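**Student:**
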Amino acid sequence: MTTTLKAPSGADAAIKTAVPLAIIVAAAFAIGIEPTSWMCIVMAAAASSLETVVTHFTLAPRREDYSKRKAMGSYYNHLASISALSAALAVGIVYAVWP
1 MTTTLKAPSG ADAAIKTAVP LAIIVAAAFA IGIEPTSWMC IVMAAAASSL ETVVTHFTLA
61 PRREDYSKRK AMGSYYNHLA SISALSAALA VGIVYAVWP
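Residue numbers for the sequence shown follow my numbering, so the first one is 1 and each next one is one higher.
Printed below as a string of structure tokens:
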């Protein structure tokens, strides 16, 4: 009997939450704003949206292949990379257009 991972696991949720938040909080301290400001909230929303779109089109269709090859470590590495890049891009975009 084989089981497949149908729903996102705790590792998925942890990576999708912790990586962007860490980058946004670090950027907030570097910029000199409070991590609870509206600018940071908009950054988090933008990072979440970008990450959702990118993972939906690039990583989600290949998730079963990763689990069949028993290479979920590579999947999580790619997910963390996408999370970090989307958060960094969101920080840059919001910082550039924020009045």
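Heads up, the beta-carbon is just placed ideally off N, CA and C, and yes, glycines get one too.
All figures in this text were calculated on a predicted structure; none of them were measured in a lab.
Along the chain, where does the alpha helix (DSSP H) containing S86 start, and where does it finish?
**Tutor:** Per DSSP, S86 belongs to the alpha helix (DSSP H) from M72 to V97.
**Student:** Which residue wins for smallest C-alpha separation from S83, given the options P20, F29, C40 and G10?
**Tutor:** The residue with the shortest Cα to Cα distance from S83 is P20.
**Student:** Since V42 contacts V94 with CB under 8 Å, what's their CB separation in whole angstroms?
**Tutor:** That pair is a contact at about 5 Å.
**Student:** Between I31 and S48, what straight-line distance do the alpha-carbon atoms span, to the nearest angstrom?
**Tutor:** Each residue's Cα considered, the two are about 20 Å apart.
**Student:** Quick check on the DSSP output: the alpha helix (DSSP H) that includes P61 runs from which residue to which?
**Tutor:** Where P61 is concerned, there is no enclosing alpha helix (DSSP H), given that its DSSP letter is neither H nor E.
**Student:** Give the secondary structure of P20 by DSSP, where H, G and I count as helix, E and B as strand, and everything else as coil.
**Tutor:** The answer is helix: DSSP assigns P20 an H, G or I state.
**Student:** Ordered along the chain, which non-local residues of its own chain (more than five positions away) have a Cβ less than 7 Å from that of M114?
**Tutor:** What is shown of the chain runs 1 to 99, which leaves residue 114 out entirely.
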